[in-house]
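Reading through the structure tokens given below for one structure.
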Amino acid sequence: MDLVIRRAHVRGSPELVDIGIDGGKIEAIRPGIEAHGSREIDAGGGLVAPTFVEPHTHLDKALTADRCPPNRSGLIDEVVVNTTEVARTYTEEDVYTRATTVAGWFVQNGVTHIRTHVDIGPPVGLTGLEGVLAAREALRGVADIQIVAFAQWGIVRSPGTDELLRRAMRRGADIVGANTVAERTQADADRQIDVVFAIAREFDADVDIHCDSTDDPNATSLHYLAARTIELGYHGRVTAGHCCALSSYDPYYAAKVARLVREAGVSIVTMPIKMLYAGIRDPYPKRRGMTRIDDLLEVGVNVCTGQDNILDGFSPCLGRADPLETALLVAYNFSFKRPGDLELVFDMVTTNAARALGLRDYGLAPGRPATLNVLTAPTVQEAIRLQAPRRFVLRNGTMVAETERVERLHAGTAPRS
Ligand SMILES: [Zn+2]
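In my numbering, the protein residues as written are 175 to 591.
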């Protein structure tokens, strides 16, 4: 074996185990693996889990907050205007530099699979895509990046975008995406979804839509998206981000939509960092801007959680590309506190997100790629509570990041004797 990780905790097992790695794959998970000259690392009783999966971010926009005028109204509409002006100034080199920087933050935090949306539309053409394609190439061997050709400014409202999306797919984007709230009417939002499916089918690509990113209960795109997914046989190939309007529906309509989403196999991505911060401008009582996570989980929908924006006009002050931070916010906001609840939240940044991204071969098991994190906490609960550093990050058996943290308490209590 090339490498043995000693003294590891794995989910579902109280005893410490060793993890043997050979040829980039996990060979064995059990106590007492013989070394025979293999390299060894000590997990020190820390949790070993598959690397985190980031299901929704925007690498092309990241780190542009300082170029964005301040949002004086506090409304998202003003942010869209401001960020559009910033997007007009992109160059490929500029996007490449920012995308590789932030992708590096993700890897440092134990993420080796990233799905990024990239703005496609008349203000920016394919410039953002070219920069992110170059970043993807540069990071090959470190992280796998899926690119969503994202119609940020809508399709019906933004003539020419449909052809730009097709060009983006030919150029190397993987997934077709759009933004339902960018359209002027609900009928146009439904037409947008039809165009997205048409392009996706042309390229045999999956679909990932920013869907009903609003507190307005009249936004019903998730319902239409689920219905079209079933009609077109796209079961399991569609992801919907945000879906905040679902939280504003009455319980009867919400239950109907949730069941249809389940039937369609649509994955839902909720993004607390963006929406808690920028999404909702309610007077009191204030909503959270997040979808009905608990109700969706209850009916068996695949729910995951992502970062979304990082230091751009939409999230100018917060965001550090860390799925454990996202998980913590989900846990707090949905009062996930019963035994086992934090395991569900951890799934949202690992296995559920992997399912949304269609990752095969994901997970900690013999025969699977040795793509894993060694955390400095023994359990999922402690990893989330302590925001535990990722001591080692391995991808296909190769170490791609490590973090060492030194803490000293000089003024503690007197030692017991
Ligand atoms: Zn987004």
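The beta carbon of each residue, even a glycine, is placed where N, CA and C say it ideally should be. This structure is a prediction, so every number in the text was calculated from the model and none was measured.
Item, Value
"Counterpart residues of GLU576 in DSSP-defined beta bridges", "PHE566"
"For GLN555, three-class secondary structure by DSSP", "helix"
"DSSP-derived helix/strand/coil call for PHE226", "strand"
"Near ligand 1: GLY415 beta-carbon under 7 Å from a heavy atom", "yes"
"Any non-hydrogen atom of ligand 1 closer than 7 Å to HIS232 Cβ", "yes"
"DSSP three-state assignment for PHE324, whether helix, strand or coil", "strand"
"Inter-stretch contact at 8 Å, needing at least 3 Cβ pairs: the region 328-336 / the region 293-310", "yes"
"Heavy atom of ligand 1 within 7 Å of ASP293 beta-carbon", "no"
"Ranges of the alpha helix (DSSP H) found wholly within the region 511-560, counting only runs of at least 4", "515-522, 525-530, 554-560"
"Endpoints, alpha helix (DSSP H) assigned at LYS430", "425-438"
"Assigned secondary structure, ALA352 (DSSP; H/G/I helix, E/B strand, else coil)", "strand"
"Sequence-distant residues of its chain with Cβ nearer than 7 Å to GLN555 (five each side left out)", "LEU516"
"The region 215-230 / the region 466-477 touching (three or more Cβ pairs under 8 Å)", "no"
"Run of the alpha helix (DSSP H) containing ASP380, from where it starts to where it stops", "Looking at the DSSP string, ASP380 is not in any alpha helix (DSSP H); the run it does join, the beta strand (DSSP E), is 380-385."
"The alpha helix (DSSP H) enclosing ILE484, as first and last residue numbers", "Here ILE484 belongs to no alpha helix (DSSP H), and DSSP marks it neither H nor E."
"Spatial distance of HIS416 from HIS183 (CA atoms)", "33 Å"
"Closer than 7 Å: ASP386 CB and nearest ligand 1 heavy atom", "no"
"Under the three-state DSSP convention, the category ASP293 falls into", "strand"
"VAL519 beta carbon less than 8 Å from that of PRO497", "no"
"Candidates ARG213, THR258, VAL222, of which the one nearest VAL191 by Cα", "VAL222"
"Per-residue burial, ALA428 [other beta carbons within 10 Å of its own, 16 or more giving buried]", "buried"
"Boundaries of the beta strand (DSSP E) in which GLU214 is found, first to last residue", "213-216"
"Three-pair Cβ contact test at 8 Å for the region 244-259 versus the region 532-539", "no"
"Alpha-carbon to alpha-carbon, ILE373 and LEU450", "32 Å"
"Three or more C-beta pairs below 8 Å linking the region 203-212 and the region 266-286", "no"
"Residue ranges of each alpha helix (DSSP H) within the region 262-288, 4 or longer", "266-282"
"Cross-strand partners of GLY219 (DSSP beta bridge)", "DSSP, once it has assigned bridges, lists no residue as partnering GLY219."
"Nearest neighbour of ALA323, chosen from ARG314, GLY305, LEU313 [CA to CA]", "GLY305"
"Option nearest VAL369 by Cα separation, candidates ALA557, GLU337, GLU578, ARG569", "GLU337"
"HIS210, DSSP secondary structure in three states", "coil"
"Close Cβ partners of ASP318 (< 6 Å) along its chain, the five nearest in sequence each way excluded", "HIS287"
"Distance between TRP279 and ALA530 (C-alpha atoms, nearest Å)", "22 Å"
"Sub-8 Å separation of ALA236 and ARG180 beta-carbons", "no"
"Where ARG402 sits in the DSSP three-state scheme", "helix"
"Boundaries of the beta strand (DSSP E) in which ARG181 is found, first to last residue", "177-182"
"Proximity to VAL435 [Cα-Cα], best of MET464, GLU472, MET445", "GLU472"
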